[in-house]
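Chains as they are written, first to last, in this note's numbering: chain U, 20 to 370; chain A, 48 to 147.
Even glycine gets a Cβ: it sits at the ideal position worked out from N, Cα and C.
Keep in mind that this is a model prediction, so the values were computed, not measured.
Structure, as structure tokens:
Quick look at the structure:
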């Protein structure tokens, strides 16, 4: 047995650090306003996917913690936990699990036009990664084929810093911007690519039109650029929504568009018909050169997704979809379904 | 797998328990059915602006939560300010709408 002698001062130092951190935390908790209680949110779901006759079952939880330190400083974190049960030919089912940090970031509101973000955060490239990827938001149980372009890691997050905000805003238009850089990291929970990039977006509230362009440059290995563009339209007073994205990487490119609509308005939300939401998505990818790192299919692919979602309550939703995939490597039918629950509650009881 | 199922069950029960203990249904904000105040008061205008901010920015991506305790209204607005790149004016209006 080996006993290691450790000088006493590091213990004192550790206690001091712990005490200091506890004081800071205690002070922060009591300095925040009553309406700024930290919250736990996120989604839990049971998803299934049947591709060419093989069914995979995926129970998953994605908790989100929002912790305001002051009225200008917010700490946010999200994790993804999932278990996957998939068929092994002739050997029944096998399972694998996946636990990953989606983001852990601090946001400081510097002024009315700028927020400084540091840590591990979702890459602001196009819209899907940052805005639509949570399972309680996404209309389908999987993401678009091009969603891996420009995001810098398999988790969709990068380790670095960002300045973002609203550059201009009035009643008829608003312009937003994001400027970011990131470091190369091979740490398991903080995997990241060294890159620098920007996204600029506009929104016209009167017409419900939104668009933007994204660009980033990979600054490690063979340097390359990723570009993207998005266009959304949500006509005011209508239940229809249109979303689309285009992305281009060095060896592949693609696009998707999605049309969705509730069949009746919120005023009829108690009726069955108001809880049904048909969704259609079409996507296409093109490959110019083999590249296993960009996450897109190895051959040109077209895919049409037909979805029908039903909201049992606002927090509970059933997703179903049928997709037909056309590719030179083989056509396939894909059936997906999911029961998704969204939760939102204070992290502790407040006065 | 068992751990995952157990955590889902815990989250569902915690959500219901905390939501019920943190406020009665009467004082919980329901963003999809907000109480619209008189237009003549500054607070009324703020709340109406906040309703617009909510529908134009938050609802573009996701459905409204069915309701949440007032204790977390500021945190929700703070989160949306970052995610949706809201201006200071929009943030204040949203805060007023979520926690009048």
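* Does the beta-carbon distance from residue 65 of chain U to residue 358 of chain U come in below 7 angstroms? -> As a working note, residue 65 of chain U is residue 46 in the first chain. As a working note, residue 358 of chain U is residue 339 in the first chain. Cβ atoms of residue 65 of chain U and residue 358 of chain U: closer than 7 angstroms.
* Asked: For residue 359 of chain U, does the three-state DSSP call read helix, strand or coil?
  -> One-based indexing of the first chain puts residue 359 of chain U at position 340. Note: residue 359 of chain U maps to strand in three-state DSSP.
* Asked: For residue 284 of chain U, which option in U:278, U:243, U:277 and U:295 has the closest C-alpha, if you only look at C-alpha atoms?
  -> Walking along the first chain from the start, residue 284 of chain U turns up at place 265. With distances taken between Cα atoms, residue 284 of chain U lies closest to U:295.
* Asked: Which chain A residues are close to residue 332 of chain U, counting only those with a beta carbon under 9 angstroms from its beta carbon?
  -> Looking up residue 332 of chain U in the first chain gives position 313. Chain A residues near residue 332 of chain U: 113.
* Compare the C-beta of residue 391 of chain U against all C-beta atoms of chain A and say whether one is closer than 7 angstroms. => Outside the shown range of chain U, which is 20 to 370, sits residue 391 of chain U, and nothing can be said about it.
* In this structure, does DSSP put residue 104 of chain A in helix, strand or coil? -> The count along the second chain starts at 1 and reaches residue 104 of chain A at position 57. It is helical.
* Where residue 120 of chain A meets chain U, residues with beta-carbon distance less than 8 angstroms -> In the second chain, residue 120 of chain A corresponds to position 73, counting from 1. Residues of chain U passing the Cβ test: 54.
* **Inter-residue spacing [alpha-carbon to alpha-carbon] between residue 134 of chain U and residue 308 of chain U** => Here residue 134 of chain U is taken as the residue at index 115 of the first chain, counted from 1. Here residue 308 of chain U is taken as the residue at index 289 of the first chain, counted from 1. Going from the Cα of residue 134 of chain U to the Cα of residue 308 of chain U covers about 39 angstroms.
* Asked: Pick from U:362, U:178 and U:185: whose alpha carbon is nearest that of residue 199 of chain U?
  -> As a working note, residue 199 of chain U is residue 180 in the first chain. Taking only the C-alpha atoms, the option nearest residue 199 of chain U is U:178.
* C-alpha gap between residue 160 of chain U and residue 355 of chain U, whole angstroms -> The sequence position of residue 160 of chain U within the first chain is 141, counting from 1. The sequence position of residue 355 of chain U within the first chain is 336, counting from 1. If you take the alpha carbons of residue 160 of chain U and residue 355 of chain U, they lie about 7 angstroms apart.
* To do: Consider the Cβ of residue 85 of chain A: report whether some Cβ of chain U lies at a distance smaller than 7 angstroms.
  => Residue numbering aside, residue 85 of chain A sits at position 38 when the second chain is read from its first letter. Here residue 85 of chain A scores only 38 on pLDDT, less than 50, and its place in the model is too uncertain to base an answer on.
* **Local Cβ density within 10 Å of residue 137 of chain A, reported as buried at 16 or more and exposed below that** => Residue mapping note: residue 137 of chain A aligns to position 90 of the second chain, counting from 1. Looking at its Cβ environment, which holds 16 or more other Cβ atoms inside 10 Å, residue 137 of chain A is buried.
* Run down chain C in chain order and give the residues with a C-beta less than 7 angstroms from the C-beta of residue 108 of chain A. => The structure shown contains no chain C; its protein chains are U and A.
* **CB of residue 213 of chain U within 7 angstroms of CB of residue 250 of chain U, strictly** => Stepping through the first chain from its first residue, residue 213 of chain U is reached at position 194. Stepping through the first chain from its first residue, residue 250 of chain U is reached at position 231. Contact: no.
* Asked: Is there a Cβ from chain A that is less than 7 angstroms from the Cβ of residue 270 of chain U?
  -> Along the first chain, read from residue 1 onward, the residue named residue 270 of chain U stands at position 251. No, residue 270 of chain U lies away from the interface with chain A (no Cβ there is under 7 angstroms from its Cβ).
* Would the beta-carbon of residue 125 of chain A fall within 7 angstroms of that of residue 57 of chain U? -> One-based indexing of the second chain puts residue 125 of chain A at position 78. One-based indexing of the first chain puts residue 57 of chain U at position 38. Their beta carbons are not under 7 angstroms apart, which means residue 125 of chain A does not touch residue 57 of chain U by this criterion.
* To do: Please report the residue range of the beta strand (DSSP E) in which residue 277 of chain U lies.
  => As a first step, residue 277 of chain U must be located in the first chain, where it is residue number 258. 271 to 280 is the extent of the beta strand (DSSP E) around residue 277 of chain U.
* Inside the segment 134 to 169 of chain U only - beta strand (DSSP E) runs reaching at least 3 residues -> none
* Any chance you could list the beta strand (DSSP E) runs of at least 3 consecutive residues sitting entirely within the segment 52 to 133 of chain U, in chain order? => 58 to 70, 73 to 87, 92 to 106 and 112 to 130
* **Cβ contact (3+ pairs, closer than 8 angstroms) linking the segment 101 to 110 of chain U and the segment 132 to 152 of chain U** => no
* Please compile the residues from chain A whose C-beta is within a distance smaller than 7 angstroms of the C-beta of residue 183 of chain U. => Along the first chain, one-based indexing puts residue 183 of chain U at 164. Within 7 angstroms Cβ-Cβ: 132.
* On a CA-only basis, which of U:202, U:59, U:98 and U:180 is nearest residue 84 of chain U? Give me that one, please. => By 1-based counting over the first chain, the position of residue 84 of chain U is 65. Of the listed residues, the one whose Cα sits closest to residue 84 of chain U is U:59.
* Any C-beta of chain A under 7 angstroms from that of residue 134 of chain U -> By one-based count along the first chain, residue 134 of chain U stands at place 115. So, interface residue.
* How would you label residue 365 of chain U, buried or exposed, when you count the other beta carbons within 10 angstroms and need 16 or more for buried? -> Position 346 of the first chain, counted from the first residue, corresponds to residue 365 of chain U. Buried, because 16 or more other Cβ atoms sit within 10 Å of the Cβ of residue 365 of chain U.
* Residues sharing a beta bridge with residue 292 of chain U, DSSP -> Taking the first chain and counting its residues from 1, one reaches residue 292 of chain U at position 273. For residue 292 of chain U, which the question treats as bridged, DSSP gives no partner whatsoever.
* **Collapsed DSSP secondary structure at residue 125 of chain A in the structure displayed** => Here residue 125 of chain A refers to the residue found at position 78 of the second chain. Helix.
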